[in-house]
Structures are given as structure tokens and as C-alpha cells.
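**Student:** Below you'll find the structure I mean.
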Amino acid sequence: MNTSAIKLNNESIPHGFSVAPFAANPRLQVIKLTSETVKGFIEQALPLGVQAVEYKPFLRFHVASILNNLTNDTLGALLLGIIKNRDTGAFMLQCEPVAAEFDQLEFNILLSTAVSHLIGVPNLDAMYGKFYARFSVKNEDNSDSYLRQAHRRMELHNDGTYVEERTDWVIMQKIAEENMAGGDSLLLHVDEWQDLDKFYNHPLAKEDIQWTSPASKNITYKMQHPVFFEEDENGRPKMLFIDQFAEPLNMHQGQYLYEMGTSLEAEQNTFNVRVPVGSMLVVNNHAWLHGRDKFVADKGLYRELLRQRGAYSENAKLKQ
1 MNTSAIKLNN ESIPHGFSVA PFAANPRLQV IKLTSETVKG FIEQALPLGV
51 QAVEYKPFLR FHVASILNNL TNDTLGALLL GIIKNRDTGA FMLQCEPVAA
101 EFDQLEFNIL LSTAVSHLIG VPNLDAMYGK FYARFSVKNE DNSDSYLRQA
151 HRRMELHNDG TYVEERTDWV IMQKIAEENM AGGDSLLLHV DEWQDLDKFY
201 NHPLAKEDIQ WTSPASKNIT YKMQHPVFFE EDENGRPKML FIDQFAEPLN
251 MHQGQYLYEM GTSLEAEQNT FNVRVPVGSM LVVNNHAWLH GRDKFVADKG
301 LYRELLRQRG AYSENAKLKQ
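Each residue of the sequence shown is one higher than the last, beginning at 1 in the UniProt record's numbering.
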């Protein structure tokens with residue numbers, strides 16, 4: 001496997017952005033939009049406004065086409081190629097700075113919308129009631145899941161375990177932060193999990209597990225599916241696992257899930273990613289597990305995040 005760089009065909013030479021492997025793990029590709037591309041996106045996309053994009057779903061694809069056109073139609077093919085290639089399956093998208101005044105929040109929402117619609121179609125996020133979700137992490141929290149709890153490690157997991165919609169990919173964008181130390185994103189590629197064979201070849205690997213969610217997720221049904229719910233075209237396993245929302249129905253399932261979670265948290269191939277404000281991590285949800293390291297306590301700690309997750313276009317169910 002050569003993940004040191006992504007090569008495009010002769011007709012798709014990158015324009016308006018750069019691509020480089022992430023130092024700690026070359027599977028993760030770092031894409032940086034040039035100032036010229038960012039400025040063009042500000043000029044063309046921001047006048048549309050976030051509200052219009054929320055109300056008119058077709059505008060989301062128009063925003064995506066704006067970004068793609070600014071790169072001579074090379075960015076979309078590259079992003080989809082990275083995210084669907086199991087050997088890579090993840091990228092961090094960043095922006096070079098621009099000397100211009102603009103609404104940062106609107107820009108960030110529109111940028112993540114452009115990226116999501118270049119790789120697929122987002123699901124309705126029931127927690128927030130839109131095709132994206134915004135939520136904050138503060139020093140004190142009394143929520144019903146680990147999502148907003150700053151002072152503990154959020155264990156490695158896949159998204160979409162408890163919803164009916166397919167969740168092929170996840171976007172995690174940092175909107176803002178203050179007084180923040182720690183809290184890095186954690187990533188582990190399924191193929192680099194040293195105990196994968198042990199759990200994939202286990203008698204319970206293909207047995208349905210029940211999955212549910214707390215009230216804040218606004219999902220009232222329960223799901224049943226195995227942890228290793230599917231294989232790719234080469235027979236490699238795809239995962240759907242999260243320790244918080246599994247409801248084992250017997251001792252065997254409970255012990256299997258406990259040992260799996262313990263193994264994942266001890267995995268030495270997990271690595272940290274510091275995501276700058278305005279940047280986003282985008283991962284193949286079935287080939288990568290993600291989590292978050294704990295924050296250093298600070299009364300003024302604040303981080304706002306934006307999440308989108310959904311299916312590749314050919315798998316999407318247009319329910320919104």
C-alpha cells in the first residue's frame with residue numbers, strides 16, 4: 001500500500017488546493033484550499049446564505065458545485081476517491097487565510113455543506129433537526145451522553161449505530177474554541193487494530209446486537225445489527241460499534257463487547273489529530289473509528305462543533 005500521496009489522472013491535476021499525507025499516519029490526507037479558492041467561495045457562496053441552503057436542499061448541491069468549479073472540477077473526484085478508498089478513507093480539509101471580512105460561522109457551515117455534497121447526501125440529524133448538527137463542549141456538563149463531557153476520553157466508535165439511515169461517512173468540523181487545551185481527535189483505522197482478527201473471527205461477530213440511544217438523540221426506535229455488519233468488495237470487514245449505545249441481551253454479548261472496547265482503548269496504533277478552528281475531519285465511517293481525548297479543565301473552556309454524516313450518493317435515501 002502506498003499512501004504517501006494520492007495520484008490523480010492526467011485530466012484531474014489538483015487546482016486550487018494541495019494534498020499531503022498526515023505526519024502521524026499517511027492514510028489520513030491533508031487537503032488545503034488556497035487563499036484564491038477560499039476567496040472565490042466566499043464571494044460566490046456566502047451571498048446565498050445558510051438559511052436558504054437549509055430551506056432549499058437543491059442549493060446544497062449548488063454550493064458544492066461552486067467549490068468544485070473553483071478547483072477546475074478536480075476537488076470532488078479527489079475527495080470521493082480518498083473517502084471510498086479503504087487504504088486511505090480519511091482527510092482533513094483546511095483553508096489558507098484570506099484578507100477579507102466575512103461571516104465565519106456562515107462560511108464554515110457552507111463549506112462543510114459543499115464538502116458533504118461532493119461525497120454524498122447527509123442524513124437528517126435528529127438531535128439538531130437539520131441536515132447538520134451544531135453542539136458545544138463546555139467545562140461543566142450534565143448531558144446524557146459523552147458527546148459534551150469535556151473531562152473524560154470519548155472512546156473510539158463509529159457513528160450511525162442506532163439509526164436506520166446508512167452512515168458511510170462523517171464530517172467533524174471545529175467551528176470555534178476558547179481556553180482549550182487537550183481534546184484532540186483520536187483516529188484508528190480498522191485494518192490497523194491489532195486485535196481485529198480476534199474479534200472478527202469470534203462466534204458473535206455476525207450476531208445481531210441491539211443498539212439504542214439516550215433521549216437527547218431524539219431517536220425513539222432501537223436497531224439490531226452485528227458489529228461487523230458488512231464486508232467490502234475485497235472481503236474486508238466494515239464496523240458499526242459504539243460502547244455507549246449497545247444493549248447486550250445476554251452475558252456472552254456483554255463480555256464480547258466489553259473485551260472489544262477494552263482492546264480498542266488499549267490499541268497503540270490510535271493517533272491524535274489536532275484540528276484547527278475552521279478545519280474538518282472527514283472519515284469513512286466503516287473503515288475508521290474516531291474518538292476524542294479529554295480536555296484540560298478550565299472554567300472558560302468552550303468548543304463548538306459541526307457534524308454532518310450520511311451516505312454516498314448511490315446509497316442515499318432522499319428523505320429530507
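In this text, a Cβ means the ideal position worked out from N, Cα and C, and glycines have one as well.
1. Is any heavy atom of the ligand NAD found at a distance shorter than 7 Å from the C-beta of M154?
2. Is I82 helix, strand or coil by DSSP?
3. Would you give the residue range spanned by the alpha helix (DSSP H) that H48 belongs to?
4. Which ranges does the beta strand (DSSP E) cover as unbroken runs of at least 3 residues, wholly within the stretch 215-290, from first to last along the chain?
5. Verify whether the separation of the beta carbon atoms of I171 and V115 is less than 8 Å.
6. Identify the continuous beta strand (DSSP E) that holds K174 and give its terminal residues.
7. Does the distance from the C-beta atom of I242 to that of W169 stay below 8 Å?
8. Spatial neighbours of D293 within its chain, please: CB distance less than 7 Å, with the 5 preceding and 5 following residues excluded, ordered by chain position.
9. V63 lies in the alpha helix (DSSP H); which residues open and close that run?
10. Using the Cβ count rule (16 or more neighbours within 10 Å means buried), how would you classify Y162?
11. What does the alpha-carbon distance come out to for the pair E231 and Y200?
12. Is the beta carbon of residue 353 sitting closer than 8 Å to the one on A90?
13. Output yes or no for whether 8 Å exceeds the beta carbon distance between A287 and V190.
14. Which residue marks the beginning of the alpha helix (DSSP H) containing L118, and which one marks its end?
15. Is it the case that the Cβ atoms of M92 and V53 are separated by a distance below 8 Å?
16. Looking at the secondary structure, which residues open and close the beta strand (DSSP E) in which Y302 lies?
17. Over the uninterrupted alpha helix (DSSP H) stretch that includes F17, give me the two end residues.
18. With 16 other CB atoms within 10 Å as the buried threshold, where does A266 fall?
19. Which two residues bound the contiguous alpha helix (DSSP H) that contains K138?
20. Keeping to the same chain, check which residues put their C-beta closer than 6 Å to that of W193; ignore five residues upstream and five downstream.
21. Residues in the same chain with beta-carbon distance under 6 Å from A64, minus the five sequence neighbours each way, listed in chain order, please.
22. So the candidates are I13, E101, S213; which of them puts its Cα closest to the Cα of L75?
**Tutor:** Put simply:
1. Ligands in the displayed structure: none, and consequently the ligand NAD is not present.
2. As a first step, residue 82 must be located in the sequence shown, where it is residue number 82. Correct three-state label for I82: helix.
3. The residue you call residue 48 lines up with position 48 of the sequence shown. One point to set straight first is that residue 48 is Leu, not His, in the sequence displayed. Element bounds for L48: n/a, residue is neither H nor E.
4. 223-225, 228-231, 237-239, 271-273, 280-284
5. As a working note, residue 171 is residue 171 in the sequence shown. As a working note, residue 115 is residue 115 in the sequence shown. For the pair I171 and V115, the CB atoms are nearer than the 8 Å cut-off.
6. Residue 174 sits at position 174 when you count from the first residue of the sequence shown. Run containing K174: 169-178, per the beta strand (DSSP E) assignment.
7. Walking along the sequence shown from the start, residue 242 turns up at place 242. Walking along the sequence shown from the start, residue 169 turns up at place 169. Not closer than 8 Å, so no.
8. The residue given as residue 293 occupies position 293 in the sequence shown. Excluding sequence neighbours, D293 sits near R153, G182, G183, D184, L186, N272.
9. Within the sequence shown, the letter at position 63 stands for residue 63. Looking at the DSSP string, the run of the alpha helix (DSSP H) that includes V63 is 57-70.
10. Indexing the sequence shown from 1 puts residue 162 at position 162. With 16 or more other Cβ atoms within 10 Å, it is buried.
11. The residue labelled residue 231 in the question sits at position 231 within the sequence shown. The residue labelled residue 200 in the question sits at position 200 within the sequence shown. One C-alpha to the other measures close to 11 Å.
12. The structure shown does not extend to residue 353, since the chain is modelled only from 1 to 320, so the question has no answer here.
13. Here residue 287 corresponds to residue number 287 of the sequence shown, with the count starting at 1. Here residue 190 corresponds to residue number 190 of the sequence shown, with the count starting at 1. Yes; because the gap between Cβ atoms is below 8 Å, this pair is in contact.
14. To locate residue 118, count along the sequence shown from 1; it is residue 118. Here the alpha helix (DSSP H) through L118 covers 104-119.
15. Here residue 92 refers to the residue found at position 92 of the sequence shown. Here residue 53 refers to the residue found at position 53 of the sequence shown. No, the pair does not count as a contact, with Cβ atoms beyond the cut-off.
16. Against the sequence shown, residue 302 aligns to sequence position 302. From DSSP, the beta strand (DSSP E) with Y302 extends over 302-311.
17. In the sequence shown, counting from the first residue as 1, residue 17 sits at position 17. For F17, no alpha helix (DSSP H) run applies; the uninterrupted beta strand (DSSP E) run containing it begins and ends at 17-22, by DSSP.
18. The sequence position of residue 266 within the sequence shown is 266, counting from 1. Answer is exposed; the Cβ neighbour count stays below 16.
19. One-based indexing of the sequence shown puts residue 138 at position 138. K138 -> not in any alpha helix (DSSP H); beta strand (DSSP E) instead, spanning 133-138.
20. For the purposes of this step, residue 193 is taken as the residue at position 193 of the sequence shown. Closer than 6 Å at the Cβ level, and outside the excluded window around W193, lie E267.
21. Here residue 64 refers to the residue found at position 64 when the sequence shown is read from its first residue. Closer than 6 Å at Cβ, skipping near neighbours: A114, H117, L118.
22. By 1-based counting over the sequence shown, the position of residue 75 is 75. Nearest C-alpha to L75: I13.
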